[in-house]
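A short write-up of the structure that comes next.
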Amino acid sequence: MDLGADLRAELVRAVATTIERHAEELTTLDQAIGDGDHGLNMKRGFEAVLADVANLSAKPWPDFLKGVGTMLVMKVGGASGPLYGTLFMGLGKDLPAEPTRADLVRAFRGAITAVQARGKSERGQKTMLDVLIPVAEKLEAGVAETGAITLAAHAAADATIPVKAVRGRASFLGDRSIGHMDPGARSSALMIEAVAKVLEKA
Amino acid sequence: MQSVGVVIVSHSPKVAEGAADMVRQMVGEEVPLAWTGGNPSGGLGTDVGQIMAAIDRAWSNAGVVILVDLGGAETNSEMAIEMLPDDRRAKVLICNAPVVEGAVVAATEAAGGSSVDIVQQTAEEYSAR
């Protein structure tokens, strides 16, 4: 697998494109149970990452991921900034310059643990963790097929619909949060799909 | 010794500024005070870089307390604290208290020369009443 600058740039473009394409949908989901800014916030964050793609992708994996995370922290403006920022910074934290698949899977789990600490949240609370954790489990079980990973991510996002939120702004709604997909779970699933598709070709 | 500083972080710059006005009316100029509100595009939200700048404006060697409104303000403030230099990080505490009442109570306590822990505790006790 060639894990070079071109691949890093392609990953940034793929994720930024899917966020841009789904920004309105994410905002609509967030209007139902949050403060209605998730799509716009994520779009602003990834536009900033995209604008700096040449510089970021020239860096080795750990610094690239930390750079993306820091950019999201500084630019997103909602709680999703520190949460996704922590995810990307966490991915870069213990990664060797030329990571193997096993390194990436381990880094993904470490990053999820960091997101849990940042959001003081656990699985089953109608958050992005409800997508990230099942995907990590698939990867840890050795599942490598793009379709299976993507399917697992979207199924996990769908599974947040009947859940009652206990974290974040949606928790203010109590039972009224039931029946809506969590916007963070949706954006996580979209990003996982985009990343999986790029890595499949790599 | 300089009194503990107070930072107000709201999704809305109007709320943050208004809360700061109320603090000023109570304690005058003796407490270092800064506010910030709005996301990096100027809409409702919070901005990690601006929170770090506000901490810097309200900096006191005695420490700084931060009052936040809703979730993202807290998460972004925690992130801002983590990104501070090592020697400052431990001196900055977030108060689990309502932003307006908490800011006024914290500033009043700070004006009396209390430590950063006591200022935080007083603001939080007020909200628990």
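Chains as they are written, first to last, in numbering that gives the first Met the number 0: chain A, 0 to 201; chain B, 0 to 128. The beta carbon of each residue, even a glycine, is placed where N, CA and C say it ideally should be. If you're wondering where the values come from, they're calculated on a predicted model, not measured in any experiment.
In whole angstroms, give me the CA-to-CA distance for residue i and residue j.
i	j	result
A:G146	A:A156	15 angstroms
A:G3	A:P59	8 angstroms
A:D1	A:E9	Per-residue confidence for A:D1 stands at a pLDDT of 49, beneath the threshold of 50, marking its modelled position as unreliable; no derived number is given.
A:D93	B:G17	44 angstroms
B:V104	B:V5	10 angstroms
A:D174	A:P161	10 angstroms
B:M0	B:A61	7 angstroms
B:V67	A:K200	45 angstroms
B:A52	A:V67	21 angstroms
B:S9	A:R166	19 angstroms
B:T45	B:A106	22 angstroms
A:D36	A:A184	15 angstroms
A:N40	A:T85	16 angstroms
A:H153	A:I177	18 angstroms
B:Q120	A:L150	48 angstroms
A:A188	A:T17	10 angstroms
A:A276	B:A19	Beyond the ends of chain A as shown, which are 0 and 201, falls residue 276 of chain A; an answer cannot be given.
A:S170	A:K125	9 angstroms
A:E212	B:E28	Summary: the structure shown does not reach residue 212 of chain A, with chain A confined to residues 0 through 201, and so no result is reported for it.
A:V14	A:E24	15 angstroms
A:I132	A:I111	7 angstroms
A:R7	B:V115	44 angstroms
B:Y125	B:A109	14 angstroms
A:M70	A:A47	7 angstroms
B:V89	B:I65	For clarity, residue 89 of chain B is Ala in the given sequence; the question names Val instead. One C-alpha to the other measures close to 13 angstroms.
B:K13	B:Q49	15 angstroms
B:R87	A:E139	39 angstroms
A:M88	B:I93	23 angstroms
A:A57	B:V98	43 angstroms
Per DSSP, which one or two residues make a beta bridge with residue i?
i	result
B:I93	B:I65
Between residue i and residue j, how many whole angstroms is the CB-CB distance? I'm expecting something under 8 angstroms.
i	j	result
B:V3	B:S59	6 angstroms
A:P81	B:N75	6 angstroms
B:V118	B:V91	Not a contact, Cβ separation roughly 11 angstroms.
A:K74	A:G44	5 angstroms
A:V72	B:V47	5 angstroms
B:A102	B:V22	5 angstroms
A:G33	A:R117	Not really, about 17 angstroms apart at Cβ, beyond 8 angstroms.
Looking at residue i and the ligand PLP, is the gap between the Cβ and the nearest heavy atom below 6 angstroms?
i	result
B:A15	Among the components of this structure there are no ligands whatsoever, and the ligand PLP is therefore not found.
Would you kindly report the start and end of the unbroken beta strand (DSSP E) that includes residue i?
i	result
B:S9	G4 to S9
B:A33	L32 to G36
Following the continuous alpha helix (DSSP H) through residue i, name the residue where it begins and the one where it ends.
i	result
A:W60	W60 to K74
B:E81	G70 to E81
A:R100	R100 to G118
A:P133	L128 to E139
A:N40	H37 to A50
B:M21	P12 to V26
A:T149	T145 to D157
B:D55	V47 to R56
A:F87	S79 to K92
A:E121	Note, A:E121: premise wrong, no alpha helix (DSSP H); not H, not E.
A:L28	A22 to I32
B:A106	V98 to A110
B:D86	D85 to R88
A:A195	P182 to K200
- Item | Selection of the segment 30-41 of chain B by Cβ proximity to chain A, strictly under 7 angstroms | N38, P39 and S40
- Residues in the segment 44-59 of chain B having any Cβ partner in chain A nearer than 8 angstroms: G44, T45, D46, V47 and G48
- Given a limit of 8 angstroms on CB to CB distance, which residues of the segment 26-48 of chain A reach chain B? D34, D36, L39, N40 and R43
- In the segment 64-96 of chain A, which residues sit with their C-beta less than 9 angstroms from some C-beta in chain B, listed in chain order? T69, V72, M73, K74, V75, G76, G77, A78, S79, G80, P81, L82, G84 and T85
- Task: Taking a Cβ distance cut-off of 8 angstroms, strictly less, list which residues of the segment 112-131 of chain A are near chain B, in chain order.
- Result: R117 and G118
- Message: For the segment 164-175 of chain A, list every residue whose C-beta sits within 7 angstroms of some C-beta in chain B, in sequence order.
- Response: G167 and R168
- Message: Residues of the segment 59-72 of chain B in Cβ contact with chain A at a cutoff of 8 angstroms, in chain order, please.
- Response: L69, G70 and G71
- Contact list for the segment 97-113 of chain B against chain A, Cβ threshold 7 angstroms: none
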